[in-house]
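So the protein lines, in turn, are chains A and B.
Take any residue in the first sequence, count from 1 to its spot, add 3: that is its number in our numbering.
Take any residue in the second sequence, count from 1 to its spot, add 3: that is its number in our numbering.
One structure is given here, and the rest of the page talks about it.
Number of protein chains: 2
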Amino acid sequence: MDTSLILQNIGRHIQLTPDEEAHFLSLLKPRRVKRKEMILQEGEVCHYSTFVLEGCLRSYTLDKNGVEHVLSFAPEDWWIADLYSFFSQRPGNLYIEANKASEVLQLSKTDQDQLYLDVPKFERFFRIIMENSLVSHQQRLLDNLSLPAPERYRNFCRRYPTLVATMPRKQIASYIGVTPEFFSKMMKEVLRGERGGA
Amino acid sequence: MDTSLILQNIGRHIQLTPDEEAHFLSLLKPRRVKRKEMILQEGEVCHYSTFVLEGCLRSYTLDKNGVEHVLSFAPEDWWIADLYSFFSQRPGNLYIEANKASEVLQLSKTDQDQLYLDVPKFERFFRIIMENSLVSHQQRLLDNLSLPAPERYRNFCRRYPTLVATMPRKQIASYIGVTPEFFSKMMKEVLRGERGGA
DNA sequence: AAAAAACCTTGTCTTAGGTTAAGAAAAGCC
DNA sequence: GGCTTTTCTTAACCTAAGACAAGGTTTTTT
């Protein structure tokens with residue numbers, strides 16, 4: 004597997020020595036995930052942080068009616084985990100499933116904890132990752148509280164242009180918080196608005 | 004001002020030497036905030052992380068109709084900031100306002116950045132704070148996507164029993180994502196359910 | 001202790017978005 | 001390439017929650 008992507012990802016926030024790089028890489032477990040394969044299910048403990056080298060995963064919950072609610076997409080160059088479960092090492096309620104056949108690298112909780120002690124720079128790296136993720140979750144929450152569905156969709160398009168083109172509409176609908184049927188109706192309006200300009 | 008509360012807050016995640024404690028305290032600017040006073044407004048850059056020693060602040064946005072949407076409450080022993088603006092040092096869209104007369108300690112972005120270099124342990128501290136905050140924001144987001152208003156209210160009560168008793172209903176309504184009018188109607192149901200048991 | 005300002009409730013009417021159902025179009029699979 | 005499965009769309013009907021309006025209560029302020 005090609006590990007240059009993850010080194011680049013980390014290099015955006017911290018500089019590692021060759022030794023540190025080697026040590027870090029030695030902790031990563033490569034894994035191939037088939038389309039529709041789940042790497043985590045509700046009720047399980049999330050033992051790994053997963054970095055996507057190729058393909059795309061998503062995380063979601065099922066509500067009491069069996070309806071899926073997408074929490075996040077993880078295309079190439081993204082991290083994904085059930086963070087509640089990963090940090091607490093208790094059973095979580097997320098499913099993490101491959102949207103298409105994917106290649107990932109996994110870092111176990113134990114190794115990550117040890118890594119903080121061995122290479123303290125990683126405290127900084129994951130602090131920054133958490134900060135960025137928190138900011139975007141806060142923004143998404145406020146969008147959900149304050150904007151009607153069509154504007155939430157427009158924001159999604161602006162923020163994740165790549166995902167709009169590649170993810171099933173059903174899942175995008177779920178991500179922004181509407182049913183696929185309503186999403187479908189809404190798209191007619193959105194498209195009309197786009198042709199109209201601005 | 005009594006700084007033992009913030010040392011205790013930090014002591015939950017990292018151990019500081021007396022020198023480090025003294026250095027950290029020297030960076031904090033104490034401030035009294037009057038009821039209804041805003042320490043941050045839309046369009047301003049958020050220069051400080053604010054720790055609440057006494058009283059309570061809240062952060063919110065105003066939508067295009069002038070309706071308030073509460074992002075967070077910060078009672079005693081909590082941190083608050085417009086994180087997007089604080090991290091990026093660009094104008095944000097949050098208001099941060101005192102719900103009652105409060106005493107706070109403020110740490111500037113510049114000092115916080117320097118602190119990471121002087122006392123790297125703080126990387127760990129803020130990483131953990133961010134992790135916890137991210138987990139609770141993800142949970143809240145999923146609640147908003149998957150649960151009807153009365154259950155979101157019940158979750159709010161379980162998670163923040165103190166706030167339920169002390170914050171205006173209007174603001175709680177806004178936090179869980181309903182209008183005060185609907186909240187009022189809903190409460191009758193919720194109360195009936197409580198008397199009924201379970 | 002009054003006056004002013006918020007806050008909370010209740011009622012009626014409206015609407016954004018959900019539900020159900022059923023067919024059309026894609027995408028994955030052997 | 002044909003078969004299966006999933007996804008997308010459309011349409012009719014339904015409901016949780018919003019908007020507006022108006023009166024009552026509590027909290028602040030002076």
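The C-beta atom is built at its ideal place from N, Cα and C for all residues, glycine as well.
Predicted, not measured: the structure shown is a model, and the values here were computed from it.
beta-carbon residue i near the ligand PLP non-hydrogen atom, thresh 6 Å
| i | result |
| --- | --- |
| residue 178(A) | In the structure shown, the ligand PLP is absent, as is every other ligand, since no ligand is present at all. |
Where residue i falls, given that 16 or more other Cβ within 10 Å makes a residue buried
| i | result |
| --- | --- |
| residue 97(B) | buried |
| residue 172(B) | exposed |
| residue 102(B) | buried |
| residue 120(B) | exposed |
| residue 185(B) | exposed |
| residue 92(B) | exposed |
| residue 162(B) | exposed |
| residue 116(B) | exposed |
| residue 84(A) | buried |
| residue 183(A) | exposed |
Where the beta strand (DSSP E) through residue i begins and ends
| i | result |
| --- | --- |
| residue 1(A) | No information on residue 1(A) is available, as it lies outside the stretch 4 to 201 that chain A covers here. |
| residue 72(A) | 71–78 |
| residue 57(B) | 51–65 |
| residue 94(B) | Looking at the DSSP string, residue 94(B) is not in any beta strand (DSSP E), and its letter there is neither H nor E. |
| residue 202(A) | Only positions 4 to 201 of chain A appear in the structure, and residue 202(A) is not among them; the question remains open. |
| residue 17(B) | Per DSSP, residue 17(B) belongs to no beta strand (DSSP E) and is neither H nor E. |
| residue 41(B) | 41–43 |
Nearest-angstrom Cα separation, counted from residue j out to residue i
| i | j | result |
| --- | --- | --- |
| residue 18(A) | residue 88(A) | 29 Å |
| residue 34(B) | residue 175(A) | 45 Å |
| residue 193(A) | residue 158(A) | 12 Å |
| residue 189(B) | residue 113(A) | 45 Å |
| residue 72(B) | residue 5(A) | 45 Å |
| residue 11(B) | residue 51(B) | 20 Å |
| residue 68(B) | residue 149(B) | 26 Å |
| residue 179(B) | residue 180(A) | 15 Å |
| residue 201(B) | residue 195(B) | Summary for residue 201(B): the model assigns pLDDT 42, below 50, so the residue's position carries little reliability; its value from the coordinates is reported in the next sentence. Cα to Cα, residue 201(B) sits roughly 11 Å from residue 195(B). |
| residue 137(B) | residue 22(A) | 31 Å |
| residue 78(B) | residue 29(A) | 44 Å |
| residue 58(A) | residue 156(B) | 38 Å |
| residue 111(B) | residue 105(A) | 43 Å |
| residue 170(B) | residue 39(A) | 45 Å |
| residue 46(B) | residue 124(A) | 33 Å |
| residue 43(B) | residue 32(B) | 16 Å |
| residue 24(A) | residue 9(B) | 36 Å |
| residue 7(A) | residue 130(A) | 22 Å |
| residue 272(A) | residue 166(A) | Since the first residue of chain A shown is 4 and the last is 201, residue 272(A) is not available in this structure. |
| residue 70(B) | residue 160(A) | 25 Å |
| residue 144(B) | residue 154(B) | 13 Å |
| residue 126(B) | residue 126(A) | 6 Å |
| residue 27(A) | residue 118(B) | 26 Å |
| residue 14(B) | residue 60(A) | 37 Å |
| residue 187(B) | residue 168(A) | 42 Å |
Residue nearest to residue i in terms of C-alpha spacing, selected from the options
| i | options | result |
| --- | --- | --- |
| residue 74(B) | 130(B), 10(B), 177(B) and 94(B) | 177(B) |
| residue 99(A) | 37(A), 118(A) and 137(A) | 37(A) |
| residue 76(B) | 54(B), 70(B) and 46(B) | 54(B) |
| residue 16(A) | 128(A), 41(A) and 166(A) | 128(A) |
| residue 142(B) | 42(A), 62(A) and 116(A) | 62(A) |
| residue 48(A) | 170(A), 85(A) and 94(A) | 94(A) |
| residue 41(A) | 154(A), 123(A), 107(A) and 81(A) | 107(A) |
| residue 65(B) | 167(A), 146(A) and 86(A) | 146(A) |
| residue 20(B) | 122(B), 187(B) and 165(B) | 122(B) |
| residue 135(B) | 81(B), 9(B), 85(B) and 164(B) | 81(B) |
| residue 133(B) | 151(B), 166(B), 168(B) and 86(B) | 86(B) |
| residue 191(B) | 164(B), 165(B), 152(B) and 144(B) | 152(B) |
| residue 139(B) | 90(A), 109(A) and 118(A) | 90(A) |
Segment limits, alpha helix (DSSP H) that includes residue i
| i | result |
| --- | --- |
| residue 13(A) | 7–14 |
| residue 86(B) | 86–91 |
For the segment 117–180 of chain B, which segments carrying the alpha helix (DSSP H) assignment without a break, of at least 4 residues, lie completely within its bounds, in sequence order? The qualifying runs are 124–149, 152–162, 164–169 and 172–179.
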